[in-house]
Structure formats: structure tokens, C-alpha cells
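One structure below.
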Amino acid sequence: MACNSSGCESGGCYGREKDNGCKVVDVKETVRLCVKCKSNEPMTFGDGGSDDGRFCAECFRSNVYGKFRLAVTSHAMITPSDNVLVAFSGGSSSRVALQFVHELQVKALKNYEASRDRSLPVFGVGVAFVDESAAYPSLSGGMSDAIAWVRSTVLSLSPPEKDLHVVPIESVFGSDSVEARDRLVKLLDSVSDETGKEDLLLHLKMLSLQKVASENGYNRLVVGSCTSRLASHVLTATVKGRGYSLSADIQHVDARWKVPIVLPLRDCVWQEITRLCHLDGLKTVELARHPQSGINDLVSSFVALLQEENPSRECTIVRTAAKLTPFYFNKIPETDDSCVPMATQRRLKKFNLKYDGSMTTEAFCPICNGPLNGSDSSEDESDALYDACCSSCRFQILPQEPSSLDHFGSLLPHHMISQVKHHQKFDSQTYLREKIKDCLLLDDEEAV
Amino acid sequence: MEASEGKSKKQGASRLCCLCNQRRPVLKRPKTLQQICKECFYEVFEEEIHQVIVKNHLFKSGERVAIGASGGKDSTVLAYVLSELNRRHSYGLDLFLLSIDEGITGYRDDSLETVKRNELQYGLPLQILSYKDLYGWTMDDIVKMIGLKNNCTFCGVFRRQALDRGAALLKVDKLVTGHNADDIAETVLLNILRGDIARLSRCTSITTGEDGPIPRCKPFKYTYEKEIVIYPSLLNHFLKLDYFSTECIYSPNAYRGFAREFIKDLERLRPRAILDIIKSGEDFRIATTTKMPEQGTCERCGYISSQKWCKACVLLDGLNRGLPKMGIGRARGGVNGDHQKETKKPASAARSLESKQCGSLDF
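Residue numbers (the working numbering), protein chains in the order written: chain P, 146 to 593; chain S, -16 to 346.
This is the structure:
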């Protein structure tokens, strides 16, 4: 799980040779070699980052791609029978994720066409772009251009062909775009905390991605989050009191959702990603962000400051958080999918990469889907929604006046609120009895 | 949250205290942003600490308790409040003041004067221990030798042991320190930033060291630093708390400064975030196997230690041998390492320092 590129250590063999004073050619010569392959000239990105000028272009690229591929295979993220949806924002991280998934698919296609028995199918790839302009009106100006650019980018990544799904964020409320947009605006206006609003939008974004994925037959959602993004998340989660659920968010696999989320770029740092985009000429589009003024922005600035002081700080933060115990759902769930090839099934079983999907021991917050800690339960059973939510969502998203809770609940998308009703009906006695009923000896039966 | 805050600001002058609804509010409480009067602030400040003490079973009647007193605001307020609550709620505690003199000219020598005054003001017996007597080195000497990069490590390690020694001398059952919510939140962040998962799992405990020489607890765990600053400033003149308010002169370079600045900014945006950080720290899913390193005793002095030598002995040895880097960073050589690797010459700053006597270190 180490995210250290060869970058975090200092001084390769090159330095040591200098110290011992043996077989040193004139060090001041500009003939420097890639520290990995020792044959090509190293690339200089001139971006002031660490280990500039140590690797040649090929080695650098294969380092990054290697991390991606290792993550995919060791966590069974993408297997031949899968249908994968790549969440694409137009930014560097998701552009690299899309590129790498495409290359993986191309290779699989080549193998398929070359194989005689055609036993291993090629996994399908689709792309989803979430249009947030209903939430951030300032984005609407450049949105149609951005979408056109996304379309042409996806088109260029074929064969194999990939479907593009442009998902308006308000689609979580339904297909009637006017009504949906209206509901979105009403919901956002009722959240007074700035950070709460931003976070609620992130949750809605994930819901919309889940919706398009399940409605179109995808069984995996690829998200391009890199180490740097996760480092910020570790800190934001900590300062919002979400320490319990943190370990669920930062693993390679998050199968809480109907369509499991995978993070193949989790071990790559932002610097590698931007350098790769530069190297390969991967174009990105940065939509003008709504100015963030809350906690999320404060944490990003803090992490940037820490990075200046020590470039490996992001890695250390994620490494620390990785030592927290993950949840049972941080593995690909077991499915009795008969079309999964035998070889794959054997491999998954052998490395214990799956979990038994019926093991649902956690309750989840209906808004952020975070696993609930026992200490989160409220003292008085005042409102079903209040009781069901985690303490962080209660504070920053739910309205503070108890009288407004009902109305707020009516503003939430159906998917969130339906979970609350389920929670309300939750009767622990019945639930436990159900679980152990196989072992119970009933009065009117003969004991075995 | 922010919208309602704005409304109440505008109506500030005509409002009454949120809690008693009788008196005029004089401040906005940092923890909750409530507008409250002076009397209610005292009441709620002291009552919350009392509740923390009771709910967490910090003390038993008849216990001898030493208050780590530096002369700074936290320990001064702690001494005052604890003796007040002890009296008011009949905790039945025997309280003492314990102070450590690190030997920092222009800082510690001044703050010690404050503690001596506290001894008279609160009627609590005072014991002072100095680094010079315990270890043979003052912080001024240490900084002269090692510079300003790792000096906080030395001071912290030495002080911890010094407090335990002092507690043993006073024959107390417990040590209380003035660590406040801001301190603990900073420590949680620091441990995340530095990758110390073992410390991360322990640093939010209100009582630590129950299986060591002296258990120590932090009654101010949920008390905001800002409120500790406000508390004495509102007291009537004749009861005015006397404390020393300068920062350690060696502190500007401490890494903790990063976390502190961040928390200050965070508090401005969302005051409850400080408590949320502590909550996160308590809730982190850390396997119990990572919690406790194996506990033994130091071969040199008998103090509690997870290694062959305790950290204080390692650092002291380094100082006496003119190897200031020993004990800093990963253990590469020396007593606790696998094999001897330290063959470097002592730093040039050594200038023929003869080894200093270590003072008696036996436990």
C-alpha cells in the first residue's frame, strides 16, 4: 500500500558512488542517466517538485502505471466480466484514471482477439460526467464547452468504444429537470453551514453517479482520487468528528454502495499525476470553482503548507490513516455471478479478496452513508431523521431547530430518506432473533 | 449556523444572558458562541469541569494529588479551580503544587516566581525540582549544545520524568496537568501528521499511566484554551489570578506550531471543531494490539521504559558524550539499536565539554 514513488527516499546509488570516490566519471558532466534503467536521459519537469530529473520518461510512466495496475490486480478491482463506469470530472486525476483504464481495456481486447478460445471477455468501460451547474450557477457559462470537450475526449479513446453519460446533479431528484433543479436549490438553501452545503453536494454527486451506474448496468465505479486528495480527506474527516468512519473512506475498495467504488490511483501523488498529464499531453479542463470558504478549503491550504515544509507529508498522513482498521465492506463483495470466469473466481477466493455480502452489521448515516458509531446515537428519540444521522451530519447539514427537521426531510432525495424509514422500523430484538433463529430450539419441536 | 449567529449579533445589546435571562451578557462563550454574563460563565466553566471529573471518575476521596504547576495560565487556573471544586464539592483531596525548573533564563525563572506566589495565595504546599539537580543539564545548556531544532524533544522527555520523580517525592497518588482541549486536539493532529498510530490511540485518554509509576489525568480535556484565558480576567480585582503569560523562548521552531495555527483558524470557522477533533481521536478504529508497547524498566535508572534504556537516559547519554543526535529520529545505533554504528566524531560545538554528572537517577 506504500504510495512512495521511488521519490521519497534520498540519494540513490549515484550519490554513494560520489562519496566513496570510486569509479566516478566527471560528476559535473551533463550526461546523467535515469536511476532506474540507467540507459536513458532523465526527464526534467521543472516544476520545482521533488525528484525532478531522476527518471526517464518511460521509467516514470511505467512507475505510475505500475502502481495503478498493482492496485487493480491486488484488489480485484476490474475483472473480465465487469462493466466499469469511470467518474470523470475533467481534472487531471480522473483524466489519468480514464487513460489507464482505457489502456487496460485495450490490452484486454488485444489478448482476447489473440486468444484461441476467447474464454476471457473484455470488461466494458463507460464514462460519467456530473454537471454541477444547477448547484454552482457560476459554472453554467463554460459548461456546454466543457461537455463538448469531454465528449470528444471520450470519443478519442476508442476502440473499444465507451458510452458517455452526462449526469446533471439534480437527477437524484428525478428526471423532470425543471422540478429537479428547483428541489436541489431549495435543499441547498436550507443548509446554513457553508461546509455542510459543500459536503451535502459531494454526497449528492455520489448518489447521482450511483444512480447512473446502476441504471445502466455498471457494476464498478472508478473514482480517480489520489493520495493527495485522500490526505486532505483524512484531515477534514478528523476535524469534523468523523474519526470512526474515516477508515471506510480511504481504502482501495468501498463496497458500501450498490455499485462498489474502486480507487486505483490511491497510491499515486498529485505531483506524479500532473507530471504524467504533462508528459503524455493529456488535456484537462478545470471548471471555475465556486470559491470555497469553509473547512474543506482551510484544510487544503493547510496540507499545501505542510507539503512545502516536507514533500512526503501527504504520504505519511495517508499511511497513518491506512493503519486504522477498515470495515468489512472495504473489499469487493461476493456475488454468485455465474459468468465470472473460473480462473478469476479461484483467484479471488485464494487471496480472500471478497466478503460475504450478507454480513451487514453496520448501520449507515442516510446522508453521508458513513458507518455509525454506537456513541452517535442520540439520547431522545425525537425525530427519525435526527436519530438516523451521524453527529457530523446532524451538526453541519440538518437544521438546528427541531421543528424544521420534518420539512428538511421532505427536501432530501428519495434515496436518502427511504433509508431513514427503514431505520425507524428497526427493532433490535426482532433483528437479533432473526439472526439466531436457526440455532434456537423451539418449544414444540423435538430437541436433536 | 452562521446565519443565526449573524442575527444574534445584531440584537446583542438588547439581549439578556442566554442562561440566566436576567443579567446583561458580557461575552460570547468561545465554545458555544452563547451570549452570557460573567456569573453564568463562571458557573458553567466550573460546573463543566466538575462534571468531567465526576463522569470520568478522576479522583477518589482521600487521595493525594499533585498539580503540575508551571506558573502559566493553564496550571494556575487548574490549581485555583481544583482547590475551589475540592472545597465546594468535598472531593476530599490533599492538593500539592509541583513545579519543574528546566533552567530557561528569562522564562522559567520568572514563571517560578508566579508559582511561589500561588503557593501562598492558595495555601497549597509547593515542591520544585530542577533539571540541573536531576540531570546535570539546564535547557539553556542543552540548547547551547544542540541548537533550536530538537530541543523540545529533550525538554518534554525530561519534564515527564521529572514530574514522576517529584510526584514520588511528594508521595502522591495522582498527578494532574493543565492540558486543555486545544492541546489535545493539536496532539491528535500531530500524531496523524507524523505517523504515530500508537500515540494516536493513547493521546485522547483523560487518564494515562495507570500501570506506570504515577497515573496522571487532564481535567481540562474538554476545556477551551480561550475560556481558560478569559476565566481569570473576569475575576474580581482582589481575587485576580496571577499567572505568567510568556511563551517559552525556545518554542517558535516547534513543529506543533503548524498544528496550533491551523486549529486557531479552524476555531474561527467552527468553534466546536476542537471537540470534534478529540472525538475523532477517541473514535479512530485502532487495533488494540497497536496500543501498548511492551513495558519494562530502564537498565540505567529503573524508570518505566519500553526499550533497554528509557528515553531520558538515551538523550542524557548523548548529551554527555557530545552526540546530540542520539535518541532523535529512528534508532540506528547505541544501546537500543541492533548494532553499534555511531562512530562519527562529536559535533564541533562540543568544545571540550567534560561529561556532566548525571545526578542520582535511581527510582
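The beta-carbon is built from N, C-alpha and C at its ideal position, and this holds for glycine as well.
Review point. Does the beta carbon of L332 (chain P) sit closer than 7 Å to a beta carbon anywhere in chain S?
Key: Start at 1 with the first residue of the first sequence, and residue 332 (chain P) comes out as number 187. No, no contact with chain S.
Point to revise | 9 Å Cβ cut-off: residues of chain S touching T461 (chain P) | key: Numbered from 1 along the first sequence, position 316 holds the residue referred to as residue 461 (chain P). Under the 9 Å cutoff, chain S gives I175, L176, R177 and G178.
Review point. Would you call the CB atoms of I269 (chain S) and V384 (chain P) closer than 7 Å?
Key: Residue 269 (chain S) sits at position 286 when you count from the first residue of the second sequence. Residue 384 (chain P) sits at position 239 when you count from the first residue of the first sequence. No; because the gap between Cβ atoms is not below 7 Å, this pair is not in contact.
Point to revise | Within chain S, partners of L124 (chain P) - CB distance below 7 Å | key: Look at the range of chain P in this structure, 146 to 593, and you will see that residue 124 (chain P) is not part of it.
Practice item. Tell me, please, whether the CB atom of T465 (chain P) is closer than 7 Å to any CB atom in chain S? Key: On the first sequence, position 320 is the one that residue 465 (chain P) refers to. For T465 (chain P), the answer is yes, since a Cβ of chain S falls inside 7 Å of its Cβ.
Point to revise | chain P contacts from the stretch 237 to 251 of chain S (Cβ-Cβ distance under 8 Å) | key: F241, F245, D248 and L249
Exercise for review: Starting from the Cα of D551 (chain P), find the closest Cα among P:K252, P:L178 and P:A529 and give me that residue.
Suggested key: As a first step, residue 551 (chain P) must be located in the first sequence, where it is residue number 406. In terms of CA proximity to D551 (chain P), P:A529 leads the group P:K252, P:L178 and P:A529.
Point to revise | Residues of the stretch 380 to 400 of chain P with Cβ closer than 8 Å to any Cβ of chain S, in chain order | key: Those residues of the stretch 380 to 400 of chain P placed with their C-beta closer than 8 Å to a C-beta in chain S are L380, A382, T383, V384, K385, G386, R387, G388, Y389, L391 and S392, ordered along the chain.
**Study point:** Beta carbon proximity, I111 (chain S) to chain P, threshold 7 Å
**Key:** Taking the second sequence and counting its residues from 1, one reaches residue 111 (chain S) at position 128. No - not a single Cβ of chain P is within 7 Å of the one on I111 (chain S).
Practice item. Let me know the secondary structure DSSP gives I83 (chain S) once reduced to three states. Key: Against the second sequence, residue 83 (chain S) aligns to sequence position 100. Strand at I83 (chain S).
Review point. Using the beta-carbon of each residue, which ones in chain S are nearer than 8 Å to G122 (chain P)?
Key: Absent from the model: residue 122 (chain P). The displayed extent of chain P is 146 to 593, so no value can be given.
Practice item. Going by CA-CA distance only, name the one from S:T160, S:L131, S:V35 and S:C186 that's closest to G54 (chain S). Key: Reading the second sequence from its first residue, position 71 is the one you call residue 54 (chain S). Selected option, being the one with the closest Cα: S:T160.
Review point. Could one say the Cβ of I542 (chain P) lies closer than 7 Å to chain S's Cβ atoms, at least one of them?
Key: Residue 542 (chain P) sits at position 397 when you count from the first residue of the first sequence. No, its Cβ sits nowhere closer than 7 Å to a Cβ of chain S.
Practice item. Thinking V463 (chain P) and V379 (chain P) are a contact (beta carbons under 8 Å), I'd like their distance in whole angstroms, please. Key: Taking the first sequence and counting its residues from 1, one reaches residue 463 (chain P) at position 318. Taking the first sequence and counting its residues from 1, one reaches residue 379 (chain P) at position 234. V463 (chain P) to V379 (chain P), Cβ: 7 Å. Contact.
Check your understanding: Which residues of chain S have a Cβ atom closer than 9 Å to the Cβ of I440 (chain P), listed in chain order?
Key -> Your numbering for residue 440 (chain P) matches position 295 in the first sequence. By Cβ distance, chain S contributes L249, L252, R253 and A256.
Check your understanding: Is the Cβ of N518 (chain P) closer than 7 Å to any Cβ of chain S?
Key -> Numbered from its first residue, the first sequence carries residue 518 (chain P) at position 373. So yes, N518 (chain P) belongs to the interface.
Check your understanding: Which residues mark the beginning and the end of the beta strand (DSSP E) in which V384 (chain P) is found?
Key -> For this step, residue 384 (chain P) is matched to residue 239 along the first sequence. For V384 (chain P), there is no enclosing beta strand (DSSP E); the enclosing alpha helix (DSSP H) has its first and last residue at T372 to V384.
Point to revise | Expected contact under 8 Å - CB spacing of W120 (chain S) and L306 (chain S) to nearest Å | key: Working through the second sequence from its first residue, we reach residue 120 (chain S) at position 137. Working through the second sequence from its first residue, we reach residue 306 (chain S) at position 323. The pair is not a contact, with the Cβ atoms about 14 Å apart (cut-off 8 Å).
Exercise for review: Closer than 8 Å by beta-carbon distance: list the chain P residues that pair up with G264 (chain S), in chain order.
Suggested key: Reading the second sequence from its first residue, position 281 is the one you call residue 264 (chain S). Near G264 (chain S) (Cβ distances below 8 Å), the residues of chain P are T383 and G388.
Exercise for review: Could you check what DSSP says for G149 (chain S) in three-state terms: helix, strand or coil?
Suggested key: As a working mapping, residue 149 (chain S) is identified with position 166 in the second sequence. G149 (chain S) sits in a helix when the DSSP states are folded into three classes.
**Study point:** Proximity test, Cβ basis, 7 Å: G509 (chain P) and chain S
**Key:** Reading the first sequence from its first residue, position 364 is the one you call residue 509 (chain P). Note that residue 509 (chain P) is Phe in the sequence shown, not Gly. No, because no Cβ of chain S sits closer than 7 Å to the Cβ of F509 (chain P).
Exercise for review: Reducing DSSP to helix, strand and coil, say where C0 (chain S) ends up.
Suggested key: Taking the second sequence and counting its residues from 1, one reaches residue 0 (chain S) at position 17. Coil at C0 (chain S), not helix or strand.
**Study point:** Three or more C-beta pairs below 8 Å linking the stretch 70 to 81 of chain S and the stretch 34 to 49 of chain S
**Key:** yes
Check your understanding: chain S beta carbons: is any one of them nearer than 7 Å to that of L284 (chain P)?
Key -> Your numbering for residue 284 (chain P) matches position 139 in the first sequence. Chain S, which has no Cβ nearer than 7 Å to the Cβ of L284 (chain P), makes this no.
Practice item. Pick helix, strand or coil for L109 (chain S), following the three-state DSSP scheme. Key: Locating residue 109 (chain S) in the second sequence gives position 126, where the first residue counts as 1. Strand, per DSSP.
Review point. Does DSSP classify G89 (chain S) as helix, strand or coil?
Key: Taking the first residue of the second sequence as 1, we reach residue 89 (chain S) at position 106. In the structure shown, the three-state DSSP call for G89 (chain S) is coil.
Exercise for review: Examine the Cβ distances between the stretch 420 to 435 of chain P and the stretch 443 to 459 of chain P and report whether three or more of them are shorter than 8 Å.
Suggested key: no
Practice item. Drop a sphere of 10 angstroms on the beta-carbon of K348 (chain S), count the other beta-carbons inside from all chains shown, and report buried for 16 or more, exposed for fewer. Key: Residue coverage of chain S in this structure runs from -16 to 346, which leaves residue 348 (chain S) outside it and unanswerable.
Practice item. Could you list which residues in chain S have their beta carbon closer than 7 Å to that of L443 (chain P), in chain order? Key: Walking along the first sequence from the start, residue 443 (chain P) turns up at place 298. Chain S residues near L443 (chain P): D248, L249 and L252.
Review point. With which residues is I50 (chain S) paired in a DSSP beta bridge?
Key: Here residue 50 (chain S) corresponds to residue number 67 of the second sequence, with the count starting at 1. Note: I50 (chain S) sits in a beta bridge opposite S:L80 and S:V159.
Exercise for review: Name the one or two DSSP bridge partners that K11 (chain S) has.
Suggested key: Here residue 11 (chain S) refers to the residue found at position 28 of the second sequence. According to DSSP, which records beta bridges pairwise, K11 (chain S) is partnered with S:Q18.
Check your understanding: With L81 (chain S) and A52 (chain S) assumed to form a contact (beta carbons below 8 Å), what rounded beta-carbon distance in angstroms separates them?
Key -> On the second sequence, residue 81 (chain S) is found 98 positions in, with the first residue counted as 1. On the second sequence, residue 52 (chain S) is found 69 positions in, with the first residue counted as 1. The pair is a contact, with the Cβ atoms about 6 Å apart (cut-off 8 Å).
Point to revise | DSSP beta-bridge partners of R263 (chain P) | key: Along the first sequence, read from residue 1 onward, the residue named residue 263 (chain P) stands at position 118. In DSSP, R263 (chain P) forms no bridge with anything.
Review point. Does the beta carbon of F571 (chain P) sit closer than 7 Å to a beta carbon anywhere in chain S?
Key: Counted from its first residue, the first sequence places residue 571 (chain P) at position 426. A caution first: F571 (chain P) carries a pLDDT of 48, below 50, which makes its placement in the model unreliable, though a value can still be read off. For F571 (chain P), the answer is no, since every Cβ of chain S falls outside 7 Å of its Cβ.
Check your understanding: At what residues does the alpha helix (DSSP H) containing N208 (chain P) begin and finish?
Key -> Numbered from 1 along the first sequence, position 63 holds the residue referred to as residue 208 (chain P). Start and end: A202 to S219.
Point to revise | Alpha-carbon spacing of C186 (chain S) relative to L172 (chain S), whole angstroms | key: Within the second sequence, residue 186 (chain S) is the residue found at index 203, counting from 1. Within the second sequence, residue 172 (chain S) is the residue found at index 189, counting from 1. Using only the alpha carbons, I get a separation of about 10 Å.
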